[in-house]
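One gets my numbering by counting positions in the sequence shown from 1 and adding 3 to each.
Backbone N, C-alpha and C fix where the C-beta goes; we use that ideal spot for every residue, glycine too.
Taking it in order: structure first as structure tokens, then the write-up.
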Amino acid sequence: MYRVRWDRVAVNELAAFWMQAPPALRNVITAAANRVDQALQTSPETKGESRGVDRVFFSLPLAVRFRVYPPDRRVRVLHVWVLTPRS
């Protein structure tokens, strides 16, 4: 098991999205963030897509950029953003 930590920047980004979301979408955002935590606890180096030393993982409607530290068995979520449908 890996320990997942969200950087302050990522927590602030997530909080801003949650506060700006309509009440009906807040549960969706919370559930997506919980799925990120659960998914990255096990074999995070295989989750998402590689972006150099970082990885990107999608848990709709969220996407996160994270970094894995195998020797310490920890993951840092660096940034989070909301995916928006294209017009």
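Rounded separation between P1 and V83 - CA only: Lying outside 4 to 90, the shown extent of the chain, residue 1 is not represented and no answer is given.
For A24, the three-state DSSP class (helix, strand or coil): coil
Contact set for A19: own chain, Cβ-Cβ below 7 Å, skip 5 residues either direction: none
CA-to-CA distance, A27 to A13, given in whole angstroms: 22 Å
Where L86 falls: helix, strand or coil (DSSP): coil
Close Cβ partners of A35 (< 7 Å) along its chain, the five nearest in sequence each way excluded: S62, L63, P64, L65
Beta-carbon proximity list for V78, same chain, < 6 Å, skipping 5 on both sides: Shown here for V78: same chain residues with a beta carbon closer than 6 Å to its own, the five before and five after excluded, namely Y5, V7, L43, P47, F69, V71 in chain order.
Reduced DSSP secondary structure (H/G/I, E/B, other) of V2: What is shown of the chain runs 4 to 90, which leaves residue 2 out entirely.
D75 (DSSP reduced to helix, strand or coil): helix
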